[in-house]
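Engineer: One structure follows; several queries about it will come next.
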Ligand SMILES: [Fe+2]
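Residue numbers (my numbering): 2 to 198.
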């Protein structure tokens, strides 16, 4: 097995361990069996190096998980999901995600999608929604979550938040970045769209 494959498989096994320990994740969606690593292109964007180098204010209980994800950063297909004319250039410098597990992810499955999301400090991810039901799991850092039908909350490492289908939400960071898993089930083929709320 190549070094890169080891890095991917290590991240997958850290995530699977997390699934076995957190019923909030396994109750949302079962962790898929027999995930196959595909040969996807890698794509570097401004947050790639930021995640790779992030080692401040980490939760020691999730340090192996965090490190397994940050080590992946140079080898994955980072995306923005939005165009510059929709969100502005500054946002594209502060945000990105990659589909680690999913129909078009590095580990292919049609049972769920797991996106790794990174939002820099002092950033604002504007209101958006999507067809898929979504569970956020915070790996590292901190952010304010606003949603149409829920109270505003500050979430940090190990916290979760559920968004119903088409429930608009927005995310703001201050002095910390935030690294999260964004898990989608049902209708995950439809992408996220900005909303006015
Ligand atoms: Fe979302």
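Where is the CB? At the ideal position from N, CA and C, for every residue including glycine.
Can you list, in chain order, the residues of its chain whose CB lies under 6 Å from that of residue 145, leaving out five sequence neighbours each side?
Structural biologist: Numbered from its first residue, the chain shown carries residue 145 at position 144. Closer than 6 Å at the Cβ level, and outside the excluded window around residue 145, lie 155 and 173.
Engineer: Is there at least one non-hydrogen atom of ligand 3 closer than 7 Å to the beta-carbon of residue 81?
Structural biologist: Ligand 3 is not part of the structure shown, which contains ligand 1 as its ligands.
Engineer: With DSSP as the reference, please indicate the residues paired to residue 78 in a beta bridge.
Structural biologist: Translated into the one-based positions of the chain shown, residue 78 becomes position 77. The partner list for residue 78 (beta bridge, DSSP) reads 44.
Engineer: Where does residue 64 land, buried or exposed, given buried means 16+ other C-beta within 10 angstroms?
Structural biologist: Working through the chain shown from its first residue, we reach residue 64 at position 63. Looking at its Cβ environment, which holds fewer than 16 other Cβ atoms inside 10 Å, residue 64 is exposed.
Engineer: For the beta strand (DSSP E) containing residue 120, list its first residue and its last residue.
Structural biologist: Residue mapping note: residue 120 aligns to position 119 of the chain shown, counting from 1. Counting along the chain, the beta strand (DSSP E) containing residue 120 begins and ends at 114-120.
Engineer: Could you say if the segment 98-111 and the segment 130-150 meet the contact criterion of at least three C-beta pairs nearer than 8 Å?
Structural biologist: These segments do not touch.
Engineer: When every heavy atom of ligand 1 is checked, does at least one fall within less than 7 Å of the C-beta of residue 112?
Structural biologist: As a first step, residue 112 is located in the chain shown; it is residue number 111 there, counting from the start. Checking the Cβ of residue 112 against ligand 1 gives no.
Engineer: Assuming residue 160 is part of the beta strand (DSSP E), what are its boundary residues?
Structural biologist: As a working note, residue 160 is residue 159 in the chain shown. It is not in any beta strand (DSSP E) - residue 160 carries neither H nor E in the DSSP assignment.
Engineer: With contact counted as at least three CB pairs below 8 Å, one residue from each stretch, are the segment 180-191 and the segment 123-136 in contact?
Structural biologist: Cβ pair count under 8 Å is three or more, so yes.
Engineer: Suppose contacts are defined by Cβ-Cβ distances below 8 Å. Is residue 95 in contact with residue 124 by that definition?
Structural biologist: Counted from its first residue, the chain shown places residue 95 at position 94. Counted from its first residue, the chain shown places residue 124 at position 123. Contact: yes.
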